[in-house]
Amino acid sequence: MIEGLIGGFASILGPLNLLLLFAGTAMGIMVGALPGLSSPMAIIVLLPLTYSMETLPALLTMMGVYVGTKLGGSYSAILLRTPGTPAGACTALDGYPMAQRGQAGLALGYATMGSTCGGIFGWILAVTCVPMLASLAVKSSNADIALIGILGLVMVSAFVRGSMLRGLIGVTLGLLIATVGLDPIQATSRFTFGSYNLMSGVPFAAALVGFFGIAVVLSDIKMIGRRSHMIITDITLALPTWKDLVKRWQCIVIGGLYGTGIGAIPGVGAEISPWIAWATVRNKSKTPEKFGTGIPEGVLTPEATNNANTGGTMVPMLALGIPGDGSTAIMLGAMVLHGLEPGVTLMKNSGDIVYGILAGLLVSTMFMFLISWRAIRYFILVLKQDRSWLFPFILVLATLGAFLTMNTLFPVFIAITFGVVGYIFESRNFPVVTVVLGIILGPIVEENIRLALALSNNNWTTFVATWPRQVMVAAIVGLLAYEVYKGLTSKPAARKRGISPKPITSQGKEDKK
Amino acid sequence: MKRPRIICIVVVAMVLGSALLAGIAQATDYPKRTIHMVVPWKAGGGTDSIGRGFAEGMKAVIDQSVVVDNISGAGGVTGTVKVARGKADGYTLLMNGTTDMTAVLTFKDVPFSLDDFTYIGGFFLSPTWVLSHKDRGYKDLADFLDKAKANPGKLTLGTAGPAGAQMLMASAIKGITGADFRIIPYSGGKDLKKALIGNQVDVGIIHAPVLLAEVKAGLIKVLGTGMPLDKITYAPVRDTATLKNIGIPIEIGITRGIYVPKATPKEVVVKLSEIVEKAAKSEAFKKFGKTFGFAPVWIPGPDFEKQIRAELVLFKEIKAKYIDK
């Protein structure tokens, strides 16, 4: 493992790789800082741009973006109260009040340090877990994979903003879309309407381009010509002292653990873990009432969490080939485009790429710190600009990205269709991410359930045959039962699930000054 | 008198000559630009690797560049249809495996048929083989079938895909021998590979040389093969018993070849056939074959067409007899 990692670092320490990683990280911070642009969108845009590159540099650029957006989201959360990414939403709770008090620089400093420490924390866990899990994963049976997928789907619907009911509706919709095409066991055509194009189903990469690329541009059209109002314009970053950081080590450790742990469950991703970590730190604190009024802990925790998340999502992505969120789903798509075979054999067949990506994760976290430390004011300048000129480029590159997944026009039409669908969902405040995960995990779950049953001669007890499976089944049943119980006992008005006192929507709501 | 006649002859000769030259020129100036080789599968799979290896072989033979286009989707149908309906000028070729086309024609109603193509030739033959994890302890396919007969409904046989050549081969073995094993259709080679390495299925049917590295390492055992393995680079498995050897009268293997649309001009077909034959026999492609696991073959267009049509007949028969019942 150590040799592999050293090899990984050696392979990315070329000037070109470092440059791309740096550029990707800078682009990620910028994209993250701009409300309305998200990390999956930026990675979609990179798909055509990196198509002709070698595999590792292409993936490194995407990794840079992925890491950078996590920090970038906090800039706008602190300065505008509009998080640039869903993952940054929690940071606004304490970050914005700090900025209002004139401590914007310090809030940004805590965000930077939180992200860096969390990122390193997540990286350490990822580096230990990926090789371990990869060797275990080869032995994982179909029943295990099916349960992991179901657990992911249940958790994403339980934790999504809004209600679990909405989450379940979204997931089910995604599962329905995933049934299109030949069924995996008998090859019966389902909902193909005689079109051979639909035989292999709705291409999920194209659907992602629609949901995260085209839909976002459609909903951002209303921002054209609007500039953001910022409470402070002259900002210098004030990094917290070591003493201040060490005093708050709990925030980083809790954030790091939640971020990595929740990130490692397929589907749940970054959106929810900062809220849980924030709530945990608040409950443990001696002064819980201060949370939400602008205290450093409230910035440090969510930022540590969402960057630790990058390490967490690497675990299922690299060890199992299952994406943890939209960004990793597109990265997996990019791996396929570059001729890799994501899945349990990736580590064995392309170990150099896996270790290269892991090394890139750490280096990109370092770059993120350096950029934020030395060049934050240029990124804040971007916040003030009108960004409508970006939209045509995004549309063109997203369309190209969709085309490239199959080299025909069919995925482009799929992308446009899902762009419109995604816009309608997003404008009705419906969690698109649940639909996306239904589409991605649906085929994995279906195939593995049916294979597990076929292998066990249709004996359902195969799903509770070993203790890890029992734990997973218990978690699935427990989550659903808890939700039903809560729904039955609580008053209708209180049913809306939300850990935040003031719900903050992630995208598109901005000051109108 | 004589002079005009000579002039006449000269003129006629010149006209004829230039026409002839033009004809020759027309035939020989192909290929004058980049050739696109459509591989109807995603990058990174077996067919794609062979396609890229063969493109290198073609580049060594002609002055033009050869680009591989992965037009994937619908189990290879999207790219295949695209070429069948595309320009018939010899600049867009289809590179696909025989069973990938015949299996989909057997199982599904698809918008192409074997009559849509002119067959340039086959250059890479991979028999479909039967593998098992060493811990399962099967000596060979006959041993597995005996044990399946002794324990009806207990043993499992995985195939790479629910509607492909492997499924047909599995159904034929089951139908002809009467051994009662359960067929587990994995959704692709990747999943079956994992199941075999993880020892989750008794035996698996997949195109050779998939898992050759594990075979060499001794983890996976080759139990049988749909066609003779004499061209494989790994000598110890060359004399593996074929289906015919153990009394199952079918032959199954995938031949990768080049196809062009039916309407492609004859002179282009002739020239292209020459190029493809040379490429199949080129050092560059031989070298690829050595690293990939099999020595290349050369099956000329007409024989290749005969082979694929016979394969379709066999597949339809197997489906009617042993799957639909």
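Residue numbers (this note's numbering), protein chains in the order written: chain V, 10 to 522; chain X, 932 to 1256. Note that CB positions come from ideal geometry on N, CA and C, so glycine has one too. Please read all numbers here as calculations on a predicted model, not as lab measurements.
In this structure, DSSP gives Trp251 (chain V) a helical state, which the three-state scheme calls helix. For Thr314 (chain V), the enclosing alpha helix (DSSP H) starts and ends at 305 to 328.
Close CB contacts of Ile87 (chain V) within its chain, under the 8 Å cut and outside five residues either way in sequence, are with Thr100, Ala101, Gly104, Tyr105, Met107, Ala108, Ala113, Ala116, Leu117, Ala120, Val308 (chain order). Of all alpha-carbon atoms in X:Asn1027, X:Gly977, X:Gly976, the one lying nearest the alpha-carbon of Met968 (chain X) is that of X:Asn1027.
Taking one beta carbon from each stretch, the region 1160 to 1170 of chain X and the region 1219 to 1227 of chain X have 3 or more pairs nearer than 8 Å; the two touch. Thr1087 (chain X) reaches chain V at Leu464, counting residues in chain order whose Cβ is nearer than 7 Å.
In the DSSP assignment, Ala1091 (chain X) forms a beta bridge with X:Tyr1117. Closest in C-alpha terms to Ala313 (chain V), from the list V:Gly81, V:Thr125, V:Met72, V:Gly23, comes V:Thr125. Looking only at X:Gly1053, X:Gly1052, X:Asp1031, the smallest Cα-Cα distance to Ser1044 (chain X) is reached by X:Asp1031. Between Leu156 (chain V) and Val482 (chain V) a beta carbon distance of about 7 Å is seen, short of the 8 Å cut, so the two are scored as contacting.
Among the CB atoms of chain X, none fall inside 8 Å of the CB of Ser381 (chain V). Taken atom to atom, the span from the alpha-carbon of Leu134 (chain V) to that of Gly1017 (chain X) is near 52 Å.
DSSP places Asn1176 (chain X) in the helix class (H, G or I) of the three-state scheme.
Secondary structure at Val970 (chain X): strand, using DSSP grouped into helix, strand and coil.
Residue environment analysis places Ser1063 (chain X) among the buried positions, since at least 16 neighbouring C-beta atoms fall within 10 angstroms of its C-beta.
Around the beta carbon of Glu63 (chain V), fewer than 16 other beta carbons sit within 10 angstroms, so the residue counts as exposed. Close to Pro1042 (chain X), with beta-carbon spacing below 9 Å, are these residues of chain V in chain order: Tyr205. Using a Cβ-Cβ cut-off of 8 Å, Gly348 (chain V) counts as an interface residue toward chain X, since at least one Cβ of chain X sits closer than that to its own.
The shortest C-alpha to C-alpha distance from Asp334 (chain V) to any of V:Met50, V:Gly428, V:Gln259, V:Leu370 is the one to V:Met50. Residues of chain X with a Cβ closer than 9 Å to the Cβ of Asn468 (chain V) do not exist; the shortest Cβ-Cβ separation is about 12 Å.
Interface criterion met: the Cβ of Met415 (chain V) is under 8 Å from a Cβ in chain X.
Under the criterion of beta carbons closer than 8 Å, Val363 (chain V) and Val139 (chain V) qualify as touching, at roughly 7 Å. Against chain V, the beta carbon of Asp1000 (chain X) has neighbours under 9 Å at Asn416, listed in chain order. Partner residues in a beta bridge of Phe31 (chain V), as assigned by DSSP, do not exist. For the region 1110 to 1125 of chain X, the residues whose beta carbon sits under 8 Å from a beta carbon of chain V are, in order, Arg1113, Ile1115, Pro1116, Tyr1117, Ser1118, Lys1121, Asp1122, Lys1124, Lys1125. In the three-state reduction of the DSSP assignment, Pro1167 (chain X) falls in the helix class.
With fewer than three CB-CB distances shorter than 8 Å, the region 412 to 430 of chain V does not count as touching the region 190 to 200 of chain V. The beta carbon of Lys1247 (chain X) lies closer than 6 Å to those of Thr1037 in the same chain, with the five residues before and after it left out.
Identification of chain V residues near Val1132 (chain X) by a Cβ-Cβ cut-off of 8 Å yields Leu464, ordered along the chain.
With respect to chain X, the C-beta atom of Ser150 (chain V) has a partner C-beta closer than 8 Å. In the DSSP assignment, Leu1024 (chain X) forms a beta bridge with X:Met968. Note on Trp1060 (chain X): 16 or more other CB atoms within 10 angstroms of its CB, so buried under the neighbour-count rule.
Val1008, Thr1009, Gly1010, Val1012, Lys1013: these are the residues of the region 1007 to 1030 of chain X whose beta carbon lies less than 9 Å from some beta carbon of chain V, given in chain order. With respect to the C-alpha of Gly161 (chain V), the residue from V:Ile449, V:Lys495, V:Arg459, V:Thr470 having the closest C-alpha is V:Ile449.
Inclusion of Ile1189 (chain X) and Thr1029 (chain X) in the CB contact set at 8 Å is not warranted, their separation being larger than that value. Here Tyr1050 (chain X) carries a strand assignment [DSSP, helix/strand/coil].
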